[in-house]
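Numbering (full-length UniProt numbering), first residue to last: 1 to 215. Yeah, the Cβ is synthetic: ideal placement off N, Cα and C, and Gly gets one too. For clarity, every value in this text was computed on a predicted model and none was experimentally measured.
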C-alpha cells in the first residue's frame, strides 16, 4: 500500500519494521501483548524520520500513526489499567468484529486489486488508491461501533479507549481540513471516495466519539 501511495524508499525503510508490527496485530492473537513492541517500533520509526526529514517533509507518517502515538503516550496509563483484562479477553472481540465487518478480507482484496498492484509498480497513484478505498472505509464504519461495544462487554471502558485511539488520525486530518483553504477543502471533499467522507468530517467524528453510531 505504501508503494501504491507513492511513498519514497527512504520513508519505507524507516517505517517498514513498524508496519510489520502492525501486521502482527492483524493475526488477532495476543493483541494486548503485541502493543509494547508496536510502541517501540513506532518510536524507532519516528526517530528515523526525524534524522531524515526529507523523507517525509509533511509529516504524513506522524499524522497517519497519531493513534499509535496517543496509545503509547497520552493513553498509556489508562491502557495499562485494562491491559490484564485485555490479555485475557481482548482477542475474541477483535476476531468477532473482523468476521462481522470483513476487515482482513477487505485489506487482502484491496492489496491484491490489479489496479492497486499496478499503481505500486508504477511508483504510486493516490487517485487510484482513493478510487478503491470504499471497501476499507465501509469495513471501518462497521468495525468502529463493533469493537467499541464488544470490548466494553468484556473489559469495561476499554472499548471507548480503543475508539479514542482509532479516531485520532482521522480527527487530526479533519482538524487540518477545517483550517485549510476553501480550495483545498472543496478539492478533498469532492475527490475523496464517498464511502470515506465520514472519516474526514469533524461533525461525523464527533458523533462517533459520542457513540452515535447509527447516524
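Given this structure, state the Cα-to-Cα distance separating residue i from residue j, to the nearest angstrom.
i	j	result
residue 17	residue 39	11 Å
residue 41	residue 25	13 Å
residue 160	residue 210	9 Å
residue 153	residue 96	13 Å
residue 142	residue 101	6 Å
residue 43	residue 14	11 Å
residue 190	residue 130	12 Å
residue 29	residue 93	11 Å
residue 135	residue 103	9 Å
residue 82	residue 155	7 Å
residue 187	residue 196	14 Å
residue 182	residue 194	19 Å
residue 84	residue 149	19 Å
Within a Cβ cutoff of 8 Å, which residues of the same chain sit near residue i, ignoring the five residues on either side of it in sequence?
i	result
residue 75	161, 164, 165
residue 66	168, 169, 172
Among the candidates the options, whose CA atom is the shortest distance from the CA of residue i?
i	options	result
residue 8	31, 125, 35, 55	55
residue 107	173, 49, 22	22
residue 36	158, 12, 190, 71	71
residue 88	138, 63, 53, 31	31
residue 105	127, 46, 128, 140	140
residue 34	90, 180, 158, 58	90
Once you ignore the five residues that flank residue i on each side, which residues in its own chain have a CB closer than 7 Å to its CB?
i	result
residue 132	110, 113, 115, 116
residue 201	174
residue 204	198
residue 292	The structure shown has nothing for residue 292, since the chain only spans 1 to 215.
residue 146	97, 100, 101
Given residue i, which residues of its chain have a CB within under 6 Å of its CB, disregarding the five upstream and five downstream residues?
i	result
residue 171	205
residue 125	119
Original post:
Can you list, in chain order, the stretches of the alpha helix (DSSP H) that have 4 or more residues and sit fully within the region 151–190?
Top reply: 158–178
Subject >> Start-end ranges of the alpha helix (DSSP H) lying completely within the region 24–53, minimum 4 residues >> reply: Correct list: 35–51.
**OP:** Within the region 104–128, note down every full alpha helix (DSSP H) run reaching 4 residues or more, in order along the chain.
**Re:** 114–121
**OP:** List in chain order: all unbroken beta strand (DSSP E) runs of 3+ residues lying wholly within the region 53–98.
**Re:** Along the length of the region 53–98, whole beta strand (DSSP E) runs at least 3 residues long do not occur.
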